[in-house]
Amino acid sequence: MTYSETLAKNADRDGFIIGWRMKYGFEAGKMADKVMTYGAAKKLAAELNAKDPKKTYWPELAMERAGHG
Numbered sequence: 150m151t152y153s154e155t156l157a158k159n160a161d162r163d164g165f166i167i168g169w170r171m172k173y174g175f176e177a178g179k180m181a182d183k184v185m186t187y188g189a190a191k192k193l194a195a196e197l198n199a200k201d202p203k204k205t206y207w208p209e210l211a212m213e214r215a216g217h218g
């Protein structure tokens, strides 16, 4: 996999998890128990952002899927 391929974010690309952090504080984490497509992860992150105003959520490429773990 090339560097540019790891940056491509097609909705049907598999291997994404949800990352999160507290908006006011230093706590952060990953919801690595469920690997999904970028489109599904983006949708779930938007839903979680709407439900929990104290945290921010985003889709993140699972490092073992990117060849880094």
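When we follow my numbering, the leftmost residue of the sequence shown carries the number 150, and every step to the right adds one. In this text, a Cβ means the ideal position worked out from N, Cα and C, and glycines have one as well.
LYS183 - DSSP class collapsed to helix/strand/coil:
strand
Residue from LEU210, TYR206, ALA181 whose Cα sits closest to the Cα of MET171:
TYR206
For GLY174, which of helix, strand or coil comes out of DSSP?
coil
For LYS200, which residues in the same chain have their Cβ closer than 6 Å to its Cβ, ignoring the five residues on either side in sequence?
none
Cβ shell of ASP161 (< 7 Å), same chain only, five flanking positions each side left out
THR186, GLY188
Assuming ILE166 and LYS183 form a contact by the criterion Cβ under 8 Å, report the distance between their Cβ atoms to the nearest whole angstrom.
7 Å
For PRO202, does the count of other Cβ atoms within 10 angstroms reach 16, so buried, or fall short, so exposed?
exposed
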